[in-house]
Every structure is written in C-alpha cells, then in structure tokens.
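Chains as they are written, first to last, in our numbering: chain A, 41 to 351; chain B, 41 to 351.
Listed below in structure tokens is the structure:
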C-alpha cells in the first residue's frame, strides 16, 4: 500500500463538517454531485438529469464496470472498487460533498478489490458487509463513504424524473385479471423482503412462475422464455406480469430497481403481458426508447403507489 | 366420449360407502393399494415398500409420464391423465379403495388431457384447479378421485421408510455456520408458503442465491452451477445448502418433496456443502445409491424436525 491515497485520510473531515454536510439541502446544490458509476446506461441518465437541473457533476467510473466510451462526455476520474482513499482525495479536490452510487455492480471477488489505505482502515466494516446479503454489501460500502465525510444521496432524490411515474407508462393497460396477479406479486415480494432477496417475480394466472435471487431480473425472464419453449409452462402468449419492487425498509440510496428497453425485450420473449413497478422507486433507463419498445411489443408498464411513501 | 368409461360412474359409490372408506385404517390393509404413477423411480419405490409390508399393489401408470419398462414388475393398467372414469372402473374391479398419487407430473396441457365421462362430470372442479397454483391442481385432482369413492393416502403414510429420517443421512455433517443457513432457508420457505410456491431454495453465507418456482429443483441447482461458472456468484466450493420443504398447511398426500442420487450430482456441480430436508416429509429415491453418492461427493444430507408434526 503506497502513501498517495492517504494524502487526505478519511478522518481529515471532522465531525462538525460532517454534521454540516448532512443537513445540506438537495434543493440548493452549490457543490458538484459525485456519481460513482457501475455498469449500464443509468449512471449517465442520472448525470444528464442532474445537469439539466443546473447542477454540475463529476463522474467516478468504476474500472471494469463503467462504460468507458460514455464517461468522456463528463468530467471524470477512474477509480477501482475498494479505492475509497483515492476517491475521497479526488472528490475533495473537485469540491464534491454529495455522492450517488448508481449502476450495476455484481458482487466483486476479493481479488478484484484494489484496497487502498483509506479502505484498509475500514476493513472490518467491509468484511462484515461481504458476509451478509446484497443489502449489507451496498449499505456497508455506503457507510465507508460516509465515514470518509461524504453524504450518500439516492439517484431518485437528485433526479426523480428518471423514476417510473404513478399509473401506466405507454399506451397499454393491465386488465382486471392481471391486476390480481400484480397484487399477488407485490405481496410475495413483501413477504420475502426481510430475507434481503427477491426484488422481482413473475406471476401468471395467480401462479408464481419465477422468483429472482442472485441471478438477476434478466436471467429470470430468460428462464420464463425457456420454460415456455420447453413446455414446462403452458400458457398462451401475453399472459403474466413481471413485478419489481425495492426491498421493504431498505435504504433506497443503495439499490433501487431499474428497468429499460432490454427489460421490455426480455419480457416480450417471456410472453408476458406487462411489467409492474413501484412509482418513484424504480429507475427507467432510456425512457423514450423504453416506452416505444413497450408500445410496439404490446406490453403494459404500470407504476403502483409506494406502500412505504410518507404521507 | 364413449360409454365404456361410464360403466361405473363416480356416483355409484354412495355417501355411506365413502364414509366407511374414510375411516378405514392404513394399518389393516385388506385391499390392494392403487398407485397412480407419474414419472421417475419413486412410484416403484413406494410399490416395493408397500409390498414388503405385505400389502398388494396395483399400478395405474400415467401414459406419457410413467416408466413403461418398470411397470412390468407389478400388476398394472395404463391410464391417461383425465381418465378418472376408466381409473374408477379398473380400480373397483381390482378391489382397490386406497389410492396413492406419486411421481412427477409436470402440469399437462389441456390438449394432453384425455377427458372421459367420469372426468367430464367434474370439469368445473378441474378447471378451477387448473387456474391456481400447483397445490390447487394436485388437490383438485385428488378431490376428483375422492368424489369417485376412493380414499387418497400419502406415500409417506403407506411407506414411511422411504422418507428422510431425522438427523444426518450418510457420513458428512453440517457445521455451525451451515446450520444458520439451513435455519434461514427454512424460514424463507415458510414465509413464502402461503403463495403456493417455493419448496426449495439455496442459501450460502446467509445470502439467498436462488429460490425455486416453476422451474423445479434440478433447474435451480443447475442455475447455481452456471452462476458460479460465470463469476456471478463468487464463493469457494463446498459452501451453501439446498433446503427443501413441503409447503406449510399443504395436503401432503399430493405433493411431497423428493430427493435422489441426481439431486446429489446437481448439488455437487453447484458447489454446495449439502442438503437439508424435513424428516418424514421428504421422499428419498434410491436411498442406497443416494447415500453412497452423498458420501462420495462429500455432501451432508440432514433431516430437520417437522415444524408441523403433531406432538
């Protein structure tokens, strides 16, 4: 471990500063927003939305995950997973105080981690995070950033316009029978949510066809398509719904569900009637292409009210 | 629809007879046991165990599902799915009153059903069964048999020796960390059981890696192997447990979970440490080969106490 990453060690930001940062309002963004970018297009959608609101952004793409071609359109600094010290130094130089963590990040192996000095000091916390479910991993990483003096904010907080709205998106609508499947699906996800798993499931005709765990939504949808093809699921086309929700009581700053044009393509191949998500708590990637794809495929997409929304 | 199947219509057995049959004890089997056979080896294991207890059996293999070569060792009559009238006539001729439904039966398509007169009269019940989850399908089919004057008994009731015993099976044992995963897995299955889904899941290091729905246990285990290979799950080999349980409050006469030598092979390829099931409520196919395979693969197999057992 070399010295450079420890130039601004995490404890250089004192408690008083941290408290002041915590109470800063998102509505008055005087500092550029730091965006730690995993894979996919969503980090750039967040960056664009934040810039449209008049706030500057600095990207911190994760080496091996973020799209190298796309980062060129923004100020950026590459970091490796585990380089909290390097991140803290660069983000401080850029004047960032708020940080968004967004994009895909399949649980990295220990050998993929580039641990630096700033991270090493928090190793016990990180090791604990690695032991639990995904929630623990992400919120553990979040705590490491917060311990370094940054405030973690949710993508849905800095750019609510990138989340699914309440009601139908596009021109198709679920019928009453599908509404029942949607209710059943969300109830199932709620029942499982204390197990830190299951942000998605497929229900058709009251029957649960698939539940997502470590494989992810894409693989789950592909499984439905394969089971239909093999005759293991015998249903007419255009039946069934993908339900997707944030886990209950989860810190939404770390792992909001997302859907995009590719979700439509896979749901279509799975023979589903549509997709139901939680309004305001689901990121829609490339919304224009997404809605066009849904309309063309004949799939409904509907945002249901958030059961955890504050009144 | 032709007449022959209606020779002994379902209502030929009156209520008085049915009540008398229902109170007959399994311990005094004066009549041969009818075994409606789906796919796999388990129907024959049940037949052999029942014969060893001194009771005669008559097999009713389901065309398209049952193993045609294996039925030759027993008295048998082929039937098609949906031919309740034909079954009732033949079973009455054979003097059967108790019937076991056992073996694999992937939800058949409507066009695979050979509906006969005895079945047609109960079509509304069958259609209702087809709409719900698997429980509804199987218990619906069971009610059709019972309406025809037969008593449905569970394979675990007529041949308890074919189910997993309490404690370890074979020579390997789960360690304390795996015990926690087992507890977590059974708690997850219990939480999902009101949704008529999820008789199995894979847990490793407190993390839920996969949950079974329509794809079945084999496909779920193969998914774990594929995710490990693709680097989506990063765990050393020999970590994680397959938990399998009957759904809560389900009528166990219809769909008891089963494990066999093939389960060991797939769990081994998935890199798991072992398998946990509910004692007395899980059928073990080919127990000799099963235990040898587990010992050779280094996998533990453990039967946990039945949370629904009557004291």
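Glycine included, every Cβ here is placed at the ideal spot set by N, Cα and C.
What three-state label does DSSP hand residue i in the structure shown?
i	result
residue 292 of chain A	coil
residue 275 of chain A	coil
residue 206 of chain B	coil
residue 85 of chain B	helix
residue 188 of chain B	coil
residue 261 of chain B	helix
residue 316 of chain A	strand
residue 102 of chain B	strand
residue 95 of chain B	coil
residue 130 of chain B	helix
residue 324 of chain B	strand
residue 198 of chain B	helix
residue 338 of chain B	coil
residue 182 of chain B	helix
residue 269 of chain B	helix
residue 112 of chain B	helix
residue 193 of chain A	coil
residue 309 of chain B	helix
residue 211 of chain B	coil
residue 135 of chain A	coil
residue 349 of chain B	coil
residue 42 of chain A	Since pLDDT at residue 42 of chain A reaches only 32, below the 50 mark, its modelled position is unreliable, and the value read off the structure follows with that caveat. The answer is coil: DSSP assigns residue 42 of chain A none of H, G, I, E or B.
residue 70 of chain B	coil
Would you please state the rounded distance, in angstroms, between the beta carbons of residue i and residue j? I believe it to be under 8 Å.
i	j	result
residue 250 of chain B	residue 253 of chain A	5 Å
residue 207 of chain A	residue 141 of chain A	The Cβ separation is near 29 Å, so there is no contact.
residue 330 of chain A	residue 304 of chain A	6 Å
residue 74 of chain A	residue 136 of chain A	4 Å
residue 282 of chain B	residue 323 of chain B	The pair is not a contact, with the Cβ atoms about 15 Å apart (cut-off 8 Å).
residue 221 of chain B	residue 246 of chain B	6 Å
residue 130 of chain B	residue 117 of chain B	5 Å
residue 214 of chain A	residue 143 of chain A	That pair is no contact at about 29 Å.
residue 288 of chain A	residue 233 of chain A	4 Å
residue 225 of chain A	residue 316 of chain A	7 Å
residue 308 of chain B	residue 268 of chain B	That pair is no contact at about 12 Å.
residue 199 of chain B	residue 89 of chain B	4 Å
residue 186 of chain B	residue 192 of chain B	6 Å
residue 209 of chain B	residue 343 of chain B	7 Å
residue 240 of chain B	residue 260 of chain B	6 Å
List, in chain order, every chain B residue whose beta-carbon is nearer than 7 Å to that of residue i.
i	result
residue 126 of chain A	Going along chain B, no residue has its Cβ under 7 Å from residue 126 of chain A, so there is no contact; the nearest lies around 23 Å.
Mind listing the chain A neighbours of residue i? Cutoff is C-beta to C-beta under 9 Å, in chain order.
i	result
residue 218 of chain B	Going along chain A, no residue has its Cβ under 9 Å from residue 218 of chain B, so there is no contact; the nearest lies around 14 Å.
So residue i contacts chain B; which residues on that side make the cut at Cβ distance below 8 Å?
i	result
residue 228 of chain A	232, 235 and 237
residue 255 of chain A	250, 263, 267 and 272
Name, in chain order, the residues that DSSP records as bridge partners for residue i.
i	result
residue 344 of chain A	A/318
residue 141 of chain A	A/76
residue 281 of chain A	A/243 and A/314
residue 119 of chain A	A/102
residue 304 of chain B	Residue 304 of chain B is not bridged to any residue.
residue 299 of chain B	B/324
Entirely within the segment 214 to 256 of chain B and at least 4 residues each: give me those alpha helix (DSSP H) ranges in chain order. 216 to 232
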